[in-house]
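Enquirer:
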Amino acid sequence: MNEPVAPAATLVIFGAMGDLTSRLLVPALVNLTRDGLIGDTLAIIGIDRDLASDEALRAKLDRFHDDPGEPSWTRVRARCTYLHGDFTDPATFARLAEHLPDAAANVCFYLATTPTFFGGIIDALAGVGLLAQAGGFRRIVVEKPFGHDLASAQALNARILKVADECQIYRIDHFLGKETVRNIMVTRFGNAVFESLWNNSHIDHVQITAAESLGVERRGKFYDATGALRDMVPNHLFQLLAMIGMEPPNSFEAAAMRAEKAKLIDAVRAPTPAQATTDAVRGRYRAGQAQGQDLPDFLAEDAVDPASRTETFVAMKLMVDSWRWAGVPFYLRTGKALSARDTEVVIVFKPVPLALFRDTDVTHLAPNRLVIQVQPDEAISLDFIAKKPGPMVDTTPVSMVFSYADTFRPGHTTGYEALLYDVMIGDQSLFQRADEIEGAWRAVQPFLDAWAQSREPPEDYVAGTCGPSGAEALIARDGRQWHALG
Ligand code: BG6
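Take 623 as the starting number for the sequence shown in my numbering and just add one per residue.
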């Protein structure tokens, strides 16, 4: 591969002492350095409110590298500097301006902070002139969650777009950095065999699942204020939905890709108030054991309000009003404390007529399924029916499997490598445009409104199971069932 080395730039990380920086961003920079995709011309300035020094930041980051003497890490380490400052204090931004090389330098500002700071930081950067592109680029990476409902997402977009151009904004969704998610495009559009079946003539329904076996861990406060829907659906699950459902773009260029994704998201039907109460189920975990780990009740988790009505699981049915998808339901589900970690997309094809088998013992044939396993065991499998060996006509479902690990033996990545590299080279194709984000919130807002008015708490499920029974009922109502987790 001949990818160019990213241009010389300064990466300013707001939230330098946070988990995201140490666990994901800096290790991704090290991997990119090892692969020769970023060079020693990348300077890193970490900003945070802790009283710390360059060396204190580097020592903290050392802990996240198995071998602190590893050459790529040593190279990145030497270029990490620390700037102490409050994100709400104008003096922080004046000092930052002094630290940056000159007005023509390339600078990327990464907001790895809690969302309450996003708007203020961007306004303050603009206030000291740091977003003006005078020769070099000035880019802003905004983490999730982007808004907590439609109105707040619209307000945040409006606030940012007042001081920066859309081409400067990189709204991150880390699912788009996952190899298996990026491969959806290639699988769909690089193979005639799949794309020719990819429509409502052949597909019965689609299931999109992001199941986690862990509970809320140390994020009780954030999660209690957020819940499963806001945390996962309008961002990660809608991005998967868009990749699966979009029309073929004219190229892999950002403008073409994002236009098609936005079009698909716009075609997702927002439920009526009545549908919003019947087409989604929310759950909340009770104490149990998931993957060998004891979990408490969600309500007993650290920093969770004991009277909380926040959901830790959601399942919903969505329809997409396009020619390709008319009549094909998309079932989405996500939750914490489930029986397995399992992120997957399952395309379930329509059944075949059974006429051929009428004089045999075969009374039912499992439908063909294409399972795109996003994680943890990255794979694509195609389930089909084969004849069991023997004199009688008897059938059994079998599977053809492509496993990433067996085929490519990929090295360990954090999932942020492609995203950071793309920010540096100015490729926005893996980032969400304002209308994608707002379109997704528009489609889920009726569910949030219905829950806000409801007196019912979320339905309980025991940790380590596959969620509340209402989720089974939601899909069973249509004569279908969820693909088993794990
Ligand atoms: C984050 C959510 O965006 O995605 C977390 O805030 C969730 O709650 C995580 O655990 C899942 O990401 P991944 O890559 O581990 O599947």
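Glycine included, C-beta positions come from ideal geometry on N, C-alpha and C.
Indicate whether the contact test is met: 3 or more Cβ pairs, each with one atom in the region 744-758 and one in the region 664-674, closer than 8 angstroms.
Expert: no
Enquirer: Does DSSP put residue 1051 in a helix, in a strand, or in coil?
Expert: As a working note, residue 1051 is residue 429 in the sequence shown. Reduced to three states, the DSSP call for residue 1051 is coil.
Enquirer: So who's on the other strand from residue 966, going by DSSP bridges?
Expert: Indexing the sequence shown from 1 puts residue 966 at position 344. Answer is 831, 995.
Enquirer: Jot down the residue ranges of each uninterrupted alpha helix (DSSP H) in the region 794-846, minimum 4 residues, whole runs only, in chain order.
Expert: Entirely contained in the region 794-846, the alpha helix (DSSP H) runs reaching 4 residues are, in chain order, 801-812, 814-817.
Enquirer: With distances taken between CB atoms, is the gap from residue 800 to residue 996 smaller than 8 angstroms?
Expert: Your numbering for residue 800 matches position 178 in the sequence shown. Your numbering for residue 996 matches position 374 in the sequence shown. Going by C-beta atoms, residue 800 is nearer than 8 angstroms to residue 996.
Enquirer: Going by alpha carbons, who is nearest to residue 1106 out of 1020, 961, 775, 1026?
Expert: As a first step, residue 1106 must be located in the sequence shown, where it is residue number 484. Put simply, of 1020, 961, 775, 1026 the residue whose alpha carbon is nearest the alpha carbon of residue 1106 is 961.
Enquirer: Contact between the region 671-691 and the region 1056-1074 is defined here as three or more beta-carbon pairs at a separation below 8 angstroms; is this criterion met?
Expert: Contact between the region 671-691 and the region 1056-1074 is absent, because fewer than three Cβ pairs lie under 8 angstroms.
Enquirer: When burial is assigned at 16 or more other CB atoms within 10 Å of the CB, is residue 1073 buried or exposed?
Expert: In the sequence shown, counting from the first residue as 1, residue 1073 sits at position 451. Per the 10 Å Cβ criterion, buried.
Enquirer: Could you tell me the alpha carbon to alpha carbon distance between residue 692 and residue 652, rounded to whole angstroms?
Expert: As a working note, residue 692 is residue 70 in the sequence shown. As a working note, residue 652 is residue 30 in the sequence shown. C-alpha separation (whole angstroms): 10 angstroms.
Enquirer: Tell whether a beta-carbon distance below 8 angstroms holds between residue 696 and residue 707.
Expert: The residue given as residue 696 occupies position 74 in the sequence shown. The residue given as residue 707 occupies position 85 in the sequence shown. Cβ atoms of residue 696 and residue 707: not closer than 8 angstroms.
Enquirer: What is the rounded straight-line gap between the Cα of residue 990 and the Cα of residue 810?
Expert: In the sequence shown, residue 990 corresponds to position 368, counting from 1. In the sequence shown, residue 810 corresponds to position 188, counting from 1. Distance between the alpha carbons of residue 990 and residue 810: 16 angstroms.
Enquirer: Using the beta-carbon count (16 or more within 10 Å), is residue 1066 buried or exposed?
Expert: The count along the sequence shown starts at 1 and reaches residue 1066 at position 444. By the neighbour-count rule (16 or more Cβ atoms within 10 Å), residue 1066 is buried.
Enquirer: Report the three-state DSSP secondary structure of residue 1081 (helix, strand or coil).
Expert: Along the sequence shown, one-based indexing puts residue 1081 at 459. Three-state result, residue 1081: strand.
Enquirer: Measure the alpha-carbon distance for residue 1108 versus residue 1089 and round it to whole angstroms.
Expert: Residue mapping note: residue 1108 aligns to position 486 of the sequence shown, counting from 1. Residue mapping note: residue 1089 aligns to position 467 of the sequence shown, counting from 1. C-alpha separation (whole angstroms): 13 angstroms.
Enquirer: Out of 772, 827, 836, 790, state which residue places its alpha-carbon closest to the alpha-carbon of residue 764.
Expert: Looking up residue 764 in the sequence shown gives position 142. Out of 772, 827, 836, 790, 790 has the C-alpha closest to the C-alpha of residue 764.
Enquirer: Would the beta-carbon of residue 736 be found less than 7 angstroms away from any heavy atom of the ligand BG6?
Expert: Within the sequence shown, the letter at position 114 stands for residue 736. Between the ligand BG6 and the CB of residue 736, the shortest heavy atom gap is not smaller than 7 angstroms.
Enquirer: Do the region 846-863 and the region 777-797 meet, that is, are 3 or more Cβ pairs less than 8 angstroms apart?
Expert: Pairwise C-beta distances place the region 846-863 in contact with the region 777-797, as three or more of them are shorter than 8 angstroms.
Enquirer: According to DSSP, residue 737 sits in a beta bridge with which residue or residues?
Expert: Looking up residue 737 in the sequence shown gives position 115. Partner(s): none; residue 737 has no beta bridge.
Enquirer: Does the separation of the CB atoms of residue 743 and residue 782 fall below 8 angstroms?
Expert: Numbered from its first residue, the sequence shown carries residue 743 at position 121. Numbered from its first residue, the sequence shown carries residue 782 at position 160. Taking 8 angstroms as the Cβ cut-off, residue 743 and residue 782 do not qualify as a contacting pair.
Enquirer: Compare the Cα-Cα distances from residue 664 to each of 723, 642, 690 and report the closest residue.
Expert: The count along the sequence shown starts at 1 and reaches residue 664 at position 42. Nearest in C-alpha terms to residue 664, of all of 723, 642, 690, is 723.
Enquirer: The alpha helix (DSSP H) that contains residue 683, what's its start and end?
Expert: As a first step, residue 683 is located in the sequence shown; it is residue number 61 there, counting from the start. Per DSSP, residue 683 belongs to the alpha helix (DSSP H) from 676-684.
Enquirer: Can you tell which of 637, 1093, 774, 767 has the C-alpha that lies nearest to the C-alpha of residue 937?
Expert: For the purposes of this step, residue 937 is taken as the residue at position 315 of the sequence shown. Comparing Cα positions, the closest option is 1093.
Enquirer: State the CB to CB distance for the pair residue 987 and residue 1007, rounded to an integer number of angstroms; the pair is presumed to be in contact (CB under 8 angstroms).
Expert: Against the sequence shown, residue 987 aligns to sequence position 365. Against the sequence shown, residue 1007 aligns to sequence position 385. Yes, they are in contact, since the Cβ atoms of residue 987 and residue 1007 sit about 5 angstroms apart, within 8 angstroms.
Enquirer: With distances taken between CB atoms, is the gap from residue 734 to residue 866 smaller than 8 angstroms?
Expert: Locating residue 734 in the sequence shown gives position 112, where the first residue counts as 1. Locating residue 866 in the sequence shown gives position 244, where the first residue counts as 1. It is not a contact, given that the beta carbons lie outside the stated cut-off.
Enquirer: Using CA coordinates, which residue listed in 971, 874, 803, 1014 is at the minimum distance from residue 827?
Expert: Taking the first residue of the sequence shown as position 1, residue 827 is located at position 205. Of 971, 874, 803, 1014, the residue nearest in Cα terms is 971.
Enquirer: Identify the continuous alpha helix (DSSP H) that holds residue 1091 and give its terminal residues.
Expert: Indexing the sequence shown from 1 puts residue 1091 at position 469. Run containing residue 1091: 1091-1098, per the alpha helix (DSSP H) assignment.
Enquirer: Evaluate residue 1103 with the Cβ neighbour count: other Cβ atoms within 10 Å of its Cβ, from every protein chain shown; 16 or more gives buried, anything less gives exposed.
Expert: Start at 1 with the first residue of the sequence shown, and residue 1103 comes out as number 481. Exposed, by the Cβ-count rule.
Enquirer: Give a single yes or no on whether residue 858 has its beta carbon closer than 7 angstroms to a heavy atom of the ligand BG6.
Expert: In the sequence shown, residue 858 corresponds to position 236, counting from 1. Flag set: Cβ of residue 858 near the ligand BG6.
Enquirer: Hey, residue 956 and residue 864: beta-carbon distance below 8 angstroms or not?
Expert: Within the sequence shown, numbered from 1, the residue matching residue 956 stands at position 334. Within the sequence shown, numbered from 1, the residue matching residue 864 stands at position 242. Contact flag unset, no.
Enquirer: In the DSSP assignment, the alpha helix (DSSP H) including residue 721 goes from what residue to what residue?
Expert: Residue numbering aside, residue 721 sits at position 99 when the sequence shown is read from its first letter. Start and end: 712-721.
Enquirer: Please state whether DSSP places residue 946 in a helix, a strand or coil.
Expert: Looking up residue 946 in the sequence shown gives position 324. Residue 946 falls in the coil class under three-state DSSP.
Enquirer: Taking three-plus beta-carbon pairs below 8 angstroms as touching, is the region 809-824 in contact with the region 888-895?
Expert: no
Enquirer: Rounded to whole angstroms, what is the Cα-Cα separation between residue 851 and residue 948?
Expert: Here residue 851 refers to the residue found at position 229 when the sequence shown is read from its first residue. Here residue 948 refers to the residue found at position 326 when the sequence shown is read from its first residue. For residue 851 and residue 948, the gap between their C-alpha atoms comes out near 24 angstroms.
Enquirer: Buried or exposed: residue 1075, going by 16 or more other Cβ atoms within 10 Å of its Cβ?
Expert: Your numbering for residue 1075 matches position 453 in the sequence shown. When all chains shown are included, residue 1075 counts as exposed.
Enquirer: Could you tell me if the beta carbon of residue 834 falls within a distance shorter than 7 angstroms of some heavy atom in the ligand BG6?
Expert: Position 212 of the sequence shown holds residue 834. Flag set: Cβ of residue 834 near the ligand BG6.
Enquirer: Any C-beta of chain B sitting closer than 8 angstroms to the C-beta of residue 1103?
Expert: Among the chains in the structure shown there is no chain B, since it carries only a single protein chain.
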